[in-house]
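Reviewing the structure listed below.
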Amino acid sequence: MAKDKIAYVCSNCGQESTKWIGKCPSCGQWNTFKEIRIASDTGSQAARSAALSLRGGKPHSKGGKAMRLSDIPSHDEPRIDTHDAELNRVLGGGLVPGCIVLLGGEPGIGKSTLSLQTVLQMPERRILYVSGEESAHQLKMRAERLSAASPADHQSPSSDNLLILTENSLEHIFEHVKELHPELLVVDSIQTIATEEVDSSPGSLSQVRECASALLRFAKSSGVPVILIGHITKEGTLAGPKILEHIVDTVIQFEGDQHHLYRILRSMKNRFGSTSELGIYEMQQNGLRQVSNPSELLLTQDSTGLSGIAISSAIEGVRPFLVETQALVSTAAYGTPQRSATGFDQRRLNMLLAVLEKRVGFKLMQKDVFINIAGGLRVTDLATDLSVISAVLSSNVDTPIEPGWCMAGEVGLSGEVRPIARIEQRIAEAEKLGFSHIIIPRYNMQGLNTKKFKIELCPVRKVEEALRLLFG
């Protein structure tokens with residue numbers, strides 16, 4: 175048996191070194207190098223054996239021979255439908271055969287619920303669900319709580335094709351894979367799986383690295399997609415070495431507050447689709463419900479007469495939706511003004527407040543300013559700049575914005591309202607929800623067919639013009 179090697183890996187960026195270094199030369203962080211034991215190549219034999227058994231002794235992809243780019247056949251393999259519109263959107267249309275997906279999120283956010291609910295909705299697929307954290311009885315009780323597998327549905331096809339395995343040994347998992355021949359493998363979670371080739375506890379850097387690499391070789395060799403569930407550290411990053419995020423094909427983050435009903439599924443990395451897509455779920459007693467129209471849920475039902483509220487037409491990925499921006503401006507109690515933003519970029523808020531003070535003339539130097547995006551959503555669209563400024567001014571003068579008004583526009587440092595992308599989809603979403611006026615950048619009026627919209631368009635060039643329309 176070949177002798178194991180010792181290496182040092184930066185837990186922040188994945189940089190490798192043959193000796194311990196105090197400061198990482200790649201990311202500049204201190205005391206991030208951890209010792210890992212790299213096992214010999216025998217750890218991948220179980221993965222190769224399981225993959226060959228699924229492919230009938232033939233590897234899924236040929237290797238070891240260079241090929242011309244023109245000689246490589248180009249064909250799109252059909253994606254595997256998860257029967258979940260939100261998850262399919264984030265994945266780019268479904269699971270790609272042979273892909274490996276990493277699902278991360280905070281404890282208790284609903285990662286296991288989402289994965290179990292998804293596999294229960296795929297009765298036509300033979301799925302192996304490996305749990306290293308829960309017993310089979312716990313999984314059974316959770317499945318009964320989900321709408322896809324009610325207690326009266328014990329003998330449904332979804333229950334027959336779903337195979338539950340409670341195991342922590344990677345070698346034993348591959349033995350069951352060779353015997354069961356699944357079409358989808360789910361591992362919950364990667365931090366609880368250990369291989370016998372590495373002499374360390376489960377969850378360590380070396381164990382996570384070796385187990386993920388073996389599962390990657392199995393997925394690419396057999397064509398069976400693998401879904402890994404990963405833990406989140408207290409800093410909000412995925413636990414384990416950074417190489418875990420590098421080797422997988424897709425990294426999706428399950429976000430949200432445990433005290434809120436809504437959960438956001440966001441794509442952080444995707445080799446087979448866009449990284450700007452997001453899916454929205456609502457947590458209920460019988461599982462996660464897909465939110466097909468998030469605009470109606472993200473808006474306050476009755477905000478008439480309330481100051482500090484502005485509605486913005488935002489876009490995340492290909493989906494437009496209306497988001498409610500809430501602001502509170504009050505006199506600084508202790509002399510030092512506070513600036514706080516929830517769901518919005520803090521530095522962007524400071525810039526917008528400087529523009530509001532310098533270009534518009536409203537003094538907010540001795541005021542506390544708090545910004546909140548309703549519904550627990552985190553917005554990155556720059557078109558929400560105009561709604562943030564309007565909400566701040568509305569709270570400052572304690573004057574509500576008239577109902578029926580929404581807006582979309584990026585604000586520049588000189589106070590101009592800059593053009594935004596996909597203006598027609600934003601206008602159509604506002605019109606669909608019954609808004610009567612929408613403020614848009616004047617530049618976006620060029621080439622815009624205004625006849626097909628019933629909503630009144632209010633083009634502006636500067637922030638002062640928008641505020642004059644809203645407050646007179």
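If you use the numbering used here, the sequence shown corresponds to residues 175 to 646, in order. Heads up, the beta-carbon is just placed ideally off N, CA and C, and yes, glycines get one too.
For R616 and I594, the gap between their C-alpha atoms comes out near 10 Å. Distances from the CA of L530 to each of T554, P574, G589, R522 were compared; the closest alpha carbon is that of G589.
Runs of the alpha helix (DSSP H) spanning 4 or more residues and lying entirely within the region 274 to 315 occur at 285 to 294, in chain order. In the three-state scheme derived from DSSP, where H, G and I count as helix and E and B as strand, K537 is classed as coil. The alpha-carbon of L560 is positioned some 9 Å away from that of L526. Here the alpha carbons of L379 and A259 stand approximately 35 Å from one another.
Annotation: S487 to L269 spans about 30 Å, alpha carbon to alpha carbon.
Residue K628 holds the alpha-carbon nearest to the alpha-carbon of S610 among R437, K628, Q520.
Looking from the CA of L339, the closest CA among A368, G306, R316 belongs to G306.
CA-CA distance, Q365 to C273, rounds to 19 Å.
If the five residues before and after E498 are omitted, its C-beta is found closer than 7 Å to the C-beta atoms of L472, L473, T474, I483, I485, A548, all from its own chain and listed in chain order. D542 is bridged by DSSP to S504. With distances taken between CA atoms, S469 lies nearest to A602 out of H350, I545, A602. Measuring C-alpha to C-alpha distances from K541 to each of L523, V562, P511, A310 identifies P511 as the nearest. Just so you know, the alpha carbons of S481 and A501 end up roughly 8 Å apart. In the structure shown, A240 falls within a coil segment according to DSSP collapsed to helix, strand and coil. N205 is classed as exposed because its beta carbon has fewer than 16 other beta carbons within 10 Å across all chains shown. By the neighbour-count criterion, in which a residue is buried when 16 or more other Cβ atoms sit within 10 angstroms of its Cβ, V360 is buried. Sequence-distant Cβ neighbours of R445 in its own chain, meaning closer than 6 Å and more than five residues away, are D423.
Taking all protein chains in view, the Cβ of V465 is crowded by 16 or more other Cβ atoms within 10 Å, so the residue is classified as buried.
Around the beta-carbon of N570, 16 or more other beta-carbon atoms lie within 10 Å, marking it buried. For S448, no beta strand (DSSP E) encloses it, and the DSSP letter there is neither H nor E. If the five residues before and after L358 are omitted, its C-beta is found closer than 6 Å to the C-beta atoms of R299, I301, P399, all from its own chain and listed in chain order.
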